[in-house]
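Residue numbers (the numbering used here), protein chains in the order written: chain H, 1 to 403; chain R, 404 to 806.
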């Protein structure tokens, strides 16, 4: 346990306090965060020194002061209403919880998720993007070379297997028989686990850049990728908006600075059109990534200042706002990290737009109700929901309406 | 190292010797396997007693004696030719290796993979199957309850994250900075890894049954699922047919014995039509699963005897045959394991048909050549390859033909 206080020149408002709590919570188990008098005090249950906590608190406050909150775009439909659709989606079996942060999908929810993927695919096609696919498992070097494990240890997930020898396999086999207990499985060498050569993909686009390493003939190009991504987190309340595994469609643009910046403008306009076209109450705002409380957090400040990341933030219902997509200008981050350059030796830039398909589908059900066949005609048209949208509506096995 | 010999009543032919080697190789690092005089001797480099090895050898021989090799269906087109398409697919950038058993896909290969998924979806639709989706990460209990870790330790993969406390995250963050080394990441408690609550999905359908646990009102139903599956293995030669992560489309039927057996016949006919329609040189044969050399292997014998598993085995080219699909009758395995029953209390049966989409796509390129636009018209028609099949052909970033 540790406790730390800092004095503040200006008092924090509620939103800023919540923001500080959220950032601090990425790294620590925060048990209390209080404004009192002229200061801010935090208590965490981690085994860390008061001094280290104080250092982190100062760092977080510095970041929150700099965090850009400027809104670039806002859409607030006059007829807006929003209601949490998750209880009803679960009751009818479109959504079923498998475990913390893991859900099975079927029925109309799955049909809408697929329609959203097709919609983002069309955005990609307008950028001339070629379709690519990567497995959701990457050699650890892909992430280590961009310092992912250092910057986001709280999100990283590895994928070890059992060591390839008879003794280890036998030990593991005997230890994890049916009925051996309900708990998690220890991942140590003593338990027979080999070191992990692969990690779970935290996003879908990094292999695009990694595959260019060592090249000096990179040309302007656009790509699109659909995949499952993984973050070591879940919603304590079991809510659909924070999943350990979820699907994402990305549009990626690589090339010269001019080409990338022009495509970024086009993608920003597409993101606005997406939010507006789907009838969502939403904004596009500068944002930061959930960097861990070390030097990575400082990089977060720089990122925030340069407004490299923009998020499509959707109000699903009163009190529940989340990012359903983002547009990330990487500048030359990937070409520096992996070592590649344009033909002629120029610096290669990149930008990507990623849409979290479950979050956007969830937001749509909250906004327009449980029956896609009754959604507004323009929204249905945009989603390509014709007569076929009932195809997948039989629900999940074990759901209330099926056997 | 261990060495063991057994006497044989009948000599083993070459095929049987290769079969014994393959089964033994699932559990041990086999360095030699020799027929000499009236016996068979094996040498492995594992740290295991001669006695334990001898026991396994006897067990494997017993299994190989019982293994059903009866062919149920064979299609051998008169005009057949087959050539390994992988070198050319890699040269033009449709296929790129990320690491052992992990590949990126683009271009025509990815377009054909998608077309095959749609084709199997149509088979599912003829069974009235509802579309479902599961994440590729499952709570470990899903697999422990069917004894997967005991029966297949050599294939299992877990998905641990860093322990959720500041000290562990800091340790992991510092240990795996950029430049910290090229190797795999050790999974020890000292490195900050938490026990794994989730495992990587080895197939796509198990959640269908698991979600029914505790129910006693299960009705006849069919489902279809597309997903990525994971096995802790890869081809030493880097060949496309043995991947650590690959995609699969399954058709699942759950219900009464009569319903399930009737649907199994229908799916067997569909599997034959698929192999024939795609013009492949193929067979459908009884097969076994790669059980580990313990009591699980004995269950493999029983499974083989009852001919529960049938594989669509494709000759990709001379000397390269692999299974691209399978039909698995589970009888009441899942309802017993997870505890569910039909409405009225009857025993619930199940069957699934799974198609490995990369393997089938690879087989098609080996069979019909590198240009889908030149494939036989009936094959193109079956795959729905119209004018749109050039859409995704721009290749992967870093490929020879793109920047």
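The beta carbon of each residue, even a glycine, is placed where N, CA and C say it ideally should be.
Query                                                                                                                                                                                                   : Result
On the DSSP letters alone, give me the boundaries of the alpha helix (DSSP H) that residue 379 of chain H sits inside.                                                                                  : 377 to 383
Among the residues of its own chain, which have a CB less than 7 Å from the CB of residue 500 of chain R, if the five just before and after it don't count?                                             : 506, 641
Would you list, in sequence order, the uninterrupted alpha helix (DSSP H) runs of no fewer than 4 residues that lie entirely inside the segment 85 to 144 of chain H?                                   : 86 to 91, 107 to 126, 140 to 144
When the cut-off is 8 Å and only beta carbons count, does residue 330 of chain H lie next to chain R?                                                                                                   : no
What does the Cβ neighbour count give for residue 375 of chain H, buried or exposed, with the cut at 16 atoms within 10 Å?                                                                              : buried
Does the beta carbon of residue 41 of chain H come closer than 8 Å to any beta carbon on chain R?                                                                                                       : no
Checking the sheet assignment: what are the DSSP bridge partners for residue 404 of chain R?                                                                                                            : Bridge partners of residue 404 of chain R: none, in fact.
Would you check if the distance between the CB atom of residue 619 of chain R and the CB atom of residue 744 of chain R is smaller than 8 Å?                                                            : yes
Give a yes or no on whether 8 Å exceeds the smallest Cβ distance from residue 534 of chain R to chain H.                                                                                                : yes
Decide if the segment 270 to 282 of chain H is in contact with the segment 139 to 148 of chain H; the criterion is three or more beta carbon pairs, one per stretch, under 8 Å apart.                   : no
In the DSSP assignment, find the alpha helix (DSSP H) that holds residue 437 of chain R and state where it starts and stops.                                                                            : Counting along the chain, residue 437 of chain R falls outside any alpha helix (DSSP H), though it belongs to the beta strand (DSSP E) covering 433 to 439.
Give me the subset of the segment 539 to 556 of chain R whose CB atoms are less than 9 Å from a CB atom of chain H, sorted by chain position.                                                           : 539, 540, 541, 542, 543, 544, 545, 546, 547, 548, 549, 550, 551, 552, 553, 554, 555, 556
Use the C-beta contact count for residue 3 of chain H: other C-beta atoms within 10 angstroms, 16 or more gives buried, fewer gives exposed.                                                            : exposed
Which partner residues of residue 313 of chain H appear in the DSSP bridge assignment?                                                                                                                  : H/283, H/323
Counting only runs of 3+ residues fully inside the segment 549 to 630 of chain R, write out the beta strand (DSSP E) ranges in chain order.                                                             : 601 to 603
With 16 as the cutoff for other CB atoms within 10 Å, does residue 34 of chain H come out buried or exposed?                                                                                            : exposed
At a CB-CB cut-off below 7 Å, which residues of chain R make contact with residue 248 of chain H?                                                                                                       : Correct list: empty, because the minimum Cβ distance to chain R is about 12 Å.
Residues in the same chain with beta-carbon distance under 8 Å from residue 742 of chain R, minus the five sequence neighbours each way, listed in chain order, please.                                 : 616, 617
Evaluate the contact criterion for the segment 473 to 491 of chain R versus the segment 439 to 456 of chain R: three or more CB pairs, one atom per stretch, below 8 Å.                                 : no
Against residue 433 of chain R, what residues of chain H qualify as contacts under a CB-to-CB distance less than 8 Å, listed in chain order?                                                            : Those within 8 Å of residue 433 of chain R in chain H number zero; the least Cβ separation is about 11 Å.
Between residue 666 of chain R and residue 316 of chain H, what straight-line distance do the alpha-carbon atoms span, to the nearest angstrom?                                                         : 42 Å
Just the C-alpha distance for residue 390 of chain H and residue 109 of chain H, rounded to the nearest angstrom, thanks.                                                                               : Residue placement at residue 390 of chain H cannot be trusted, given a pLDDT of 46 that sits under 50; what the coordinates show is reported in the next sentence. Going from the Cα of residue 390 of chain H to the Cα of residue 109 of chain H covers about 11 Å.
Under the three-state reduction of DSSP, which class applies to residue 338 of chain H: helix, strand or coil?                                                                                          : helix
Please work out which residues of its chain come closer than 7 Å, Cβ to Cβ, to residue 419 of chain H, disregarding the five sequence neighbours upstream and downstream, and give them in chain order. : Chain H is shown only over 1 to 403; residue 419 of chain H falls outside these bounds and no answer can be derived.
Kindly indicate the opening and closing residues of the beta strand (DSSP E) around residue 755 of chain R.                                                                                             : 752 to 759
Evaluate residue 199 of chain H with the Cβ neighbour count: other Cβ atoms within 10 Å of its Cβ, from every protein chain shown; 16 or more gives buried, anything less gives exposed.                : buried
For residue 219 of chain H, I'd like the list of residues in its chain whose CB is within less than 8 Å of its CB, leaving aside the five on either flank, ordered along the chain.                     : 255, 342, 343
Measuring CA to CA, which of H/107, H/318, H/78, H/79 is closest to residue 92 of chain H?                                                                                                              : H/107
Is residue 412 of chain R buried or exposed, if buried means 16 or more other CB atoms sit within 10 Å of its CB?                                                                                       : exposed
Who are the Cβ neighbours of residue 355 of chain H in its own chain at under 6 Å, not counting the five residues just before and after it?                                                             : 120, 249, 325
Helix, strand or coil for residue 58 of chain H? Go by DSSP, reduced to three states.                                                                                                                   : helix
Taking any Cβ of chain R, which residues in the segment 154 to 174 of chain H have a Cβ under 9 Å from it, in chain order?                                                                              : 154, 155, 156, 157, 158, 159, 160, 161, 162, 164, 165, 166, 167, 168, 169, 170, 171, 172, 173, 174
Taking 8 Å as the threshold, find out whether the segment 689 to 702 of chain R comes into contact with the segment 551 to 565 of chain R through three or more Cβ pairs.                               : yes
Name the one or two DSSP bridge partners that residue 242 of chain H has.                                                                                                                               : Bridge partners of residue 242 of chain H: none, in fact.
Verify the CB distance criterion: does residue 590 of chain R have a CB-CB separation below 8 Å to chain H?                                                                                             : yes
Given a cut-off of 8 Å on the beta-carbon distance, is the pair residue 626 of chain R and residue 760 of chain R in contact?                                                                           : no
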